[in-house]
Amino acid sequence: MKKNAVVIVEMGLRDGLQNEKHVLDADTRVEFARRLITAGSKRLELGAFVSPKWVPQMAGTSEVVSKALALQKAGDLPKKMEFSVLVPNERGMMDAIESGVKEVAIFAACSESFSLKNINCSIDESFERFKPVMALAKKHKIKVRGYLSTCFGCPFEGKVPEARVVKLAERMNKLGVYEISIGDTIGVANVGQVESLFKKLKKVVPVKKLAAHFHDTRGQALANILEAYKVGVRVFDASLGGLGGCPYAPGAAGNVATEDVVYMFQGMGIKTGLDLQKLIDIYPWMTEKIQHTLPSKVGKVGILKPLGAVTPS
Ligand code: HMG
Ligand code: MG
Numbered sequence: 004m005k006k007n008a009v010v011i012v013e014m015g016l017r018d019g020l021q022n023e024k025h026v027l028d029a030d031t032r033v034e035f036a037r038r039l040i041t042a043g044s045k046r047l048e049l050g051a052f053v054s055p056k057w058v059p060q061m062a063g064t065s066e067v068v069s070k071a072l073a074l075q076k077a078g079d080l081p082k083k084m085e086f087s088v089l090v091p092n093e094r095g096m097m098d099a100i101e102s103g104v105k106e107v108a109i110f111a112a113c114s115e116s117f118s119l120k121n122i123n124c125s126i127d128e129s130f131e132r133f134k135p136v137m138a139l140a141k142k143h144k145i146k147v148r149g150y151l152s153t154c155f156g157c158p159f160e161g162k163v164p165e166a167r168v169v170k171l172a173e174r175m176n177k178l179g180v181y182e183i184s185i186g187d188t189i190g191v192a193n194v195g196q197v198e199s200l201f202k203k204l205k206k207v208v209p210v211k212k213l214a215a216h217f218h219d220t221r222g223q224a225l226a227n228i229l230e231a232y233k234v235g236v237r238v239f240d241a242s243l244g245g246l247g248g249c250p251y252a253p254g255a256a257g258n259v260a261t262e263d264v265v266y267m268f269q270g271m272g273i274k275t276g277l278d279l280q281k282l283i284d285i286y287p288w289m290t291e292k293i294q295h296t297l298p299s300k301v302g303k304v305g306i307l308k309p310l311g312a313v314t315p316s
């Protein structure tokens, strides 16, 4: 296995906070971003321009983006980093453009029932909605990432055929997204499925353009990430503390915890660009803000001090 560095895309502010009962104000969300950036995060999804009636937790995203961009302009945040926001349609894209953000993410499901529950339209209709979004992105020189949800299983339909996921990945690639994040929205995937699906996906979308997005509902996320890494994937979505989940995917737990992923890769001598101790230091601050503990294992107990660094000797 060739040991290349990985990139971790931080989901805490969007996929994480979108499922929290306690809604955080814009200043707290910006402070969360600042702490993550201090720990080395270079790619962060700052929020979502979705309907506040559907996801009230994401209201205030424009304030979060404008404050983060202002800090960057003032030199208080590094210039070389990427902020993104989730957009479901043209209306969301217009809001994103107005906010000044230079990257957005579109999202489609691989099962009709989840598409309907999550964004109130069929899969085909969602791809129709992406056309004006892509046109605006081109006009305003905005990068677009794509997500595919329910790639391994749907909370309403159960098994999702691999062939459908592969076809939708090809379709999304043709739209012109720069990367496609393959989502295990409800955390049902296992290592066998991950190996099989990513090997098929690689044949239609260059592996460099694939990312993996695992929710850790059944404790399989780290094993699945390692398997995806073996197949050649180098970009992984994760969320500090294992925050979150999707409000329209019943029973879905949060994303795999950023600090757990960093602990694993660091132990293998694979660079993540993130400072593990600084990530762990965010954990108690965040649990205080959201008023409950979070599932992250490493965040909870930290590094075993007598062992020192978690790199191979
Ligand atoms: P709809 O009700 O069908 O929309 O919702 P509509 O077009 O009929 O419009 C109804 C109202 O919403 C109108 O306002 C629109 O202006 C407004 P009104 O006239 O009633 O005052 N509206 C909007 N407002 C703000 N921002 C917008 C927007 N669009 C319309 N962008 C819609 C359709 C897509 C808006 C809705 O279903 C929605 O917002 N869904 C978002 C659900 C969501 O955010 N889910 C979580 C994120 S996806 C996820 O977590 C999975 C992922 O992590 C990957 C994985 O894990 O697999 C990405
Ligand atoms: Mg997700």
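Residue numbers (the working numbering): 4 to 316.
For glycine and all other residues, C-beta sits at the position ideal for the given N, C-alpha and C.
Note that the coordinates shown come from a computational prediction; the quantities given were computed from them, not determined experimentally.
Those residues which DSSP pairs with residue i across a bridge
{"i": "D187", "result": "F217"}
{"i": "G156", "result": "In the DSSP output, where bridge partners are listed per residue, G156 has none listed."}
{"i": "A256", "result": "Beta-bridge pairing links A256 to no other residue."}
{"i": "S87", "result": "E48"}
{"i": "A111", "result": "L151"}
{"i": "S129", "result": "Answer by DSSP bridge pairing: none, since S129 is not bridged."}
{"i": "A241", "result": "E13"}
{"i": "G391", "result": "Residue 391 cannot be examined here, being either before or after the span of the chain that is shown, 4 to 316."}
{"i": "K146", "result": "E106"}
{"i": "E182", "result": "R148"}
Cβ distance (whole Å) where residue i is taken to contact residue j below 8 Å
{"i": "V243", "j": "E13", "result": "First, the amino acid is wrong: residue 243 is Leu here, not Val. Yes, they are in contact, since the Cβ atoms of L243 and E13 sit about 7 Å apart, within 8 Å."}
{"i": "I273", "j": "A8", "result": "6 Å"}
{"i": "D263", "j": "V238", "result": "D263 to V238, Cβ: 17 Å. No contact."}
{"i": "A29", "j": "G63", "result": "5 Å"}
{"i": "A260", "j": "S299", "result": "3 Å"}
{"i": "L204", "j": "V169", "result": "6 Å"}
{"i": "L246", "j": "G43", "result": "L246 to G43, Cβ: 18 Å. No contact."}
{"i": "A252", "j": "P315", "result": "The pair is not a contact, with the Cβ atoms about 37 Å apart (cut-off 8 Å)."}
Pair within 7 Å by beta-carbon distance, residue i and residue j
{"i": "A108", "j": "R46", "result": "no"}
{"i": "G270", "j": "V313", "result": "yes"}
{"i": "A241", "j": "N258", "result": "yes"}
{"i": "I185", "j": "A215", "result": "yes"}
{"i": "A71", "j": "V33", "result": "yes"}
{"i": "R132", "j": "N193", "result": "no"}
{"i": "T305", "j": "I283", "result": "Correcting the residue type first, residue 305 is Gly in the shown sequence and not Thr. Yes, the pair counts as a contact, with Cβ atoms nearer than the cut-off."}
{"i": "E106", "j": "S87", "result": "yes"}
{"i": "I183", "j": "A172", "result": "yes"}
{"i": "G190", "j": "D219", "result": "yes"}
{"i": "V104", "j": "M96", "result": "no"}
{"i": "V210", "j": "G248", "result": "no"}
{"i": "V53", "j": "S102", "result": "no"}
{"i": "L74", "j": "G50", "result": "no"}
{"i": "T31", "j": "K212", "result": "no"}
{"i": "Y150", "j": "F201", "result": "no"}
Own chain, CB closer than 6 Å to residue i, minus 5 neighbours either side, in chain order
{"i": "M289", "result": "G244"}
{"i": "T153", "result": "A112, C113, S114, F117, V163 and T188"}
{"i": "A256", "result": "G190, H218, D219, T220 and G248"}
{"i": "Y286", "result": "G244 and G302"}
{"i": "M84", "result": "K45"}
Close-in-space but distant-in-sequence residues of the same chain around residue i (CB under 7 Å, 5 per side omitted)
{"i": "P250", "result": "Q21, N22 and V58"}
{"i": "A226", "result": "V194"}
{"i": "T41", "result": "K281"}
{"i": "Q196", "result": "F155"}
{"i": "A36", "result": "L16, L47, L49 and A71"}
{"i": "H143", "result": "I100"}
Within-7 Å CB hit, residue i to chain D
{"i": "V104", "result": "No chain D appears in this structure, which consists of one protein chain only."}
Cβ-based neighbour list, residue i, same chain, cut-off 8 Å, excluding 5 preceding and 5 following
{"i": "M267", "result": "L225, I228 and L229"}
{"i": "P55", "result": "M61 and A62"}
{"i": "K6", "result": "M271, G272 and I273"}
{"i": "L279", "result": "E262, V265, Y266, Q269, V301, I306 and V313"}
| message | Would the region 135-151 count as touching the region 176-183 if we require 3 or more Cβ pairs under 8 Å? | response | By the C-beta criterion, the region 135-151 is judged to be in contact with the region 176-183, since at least 3 inter-stretch pairs fall below 8 Å.
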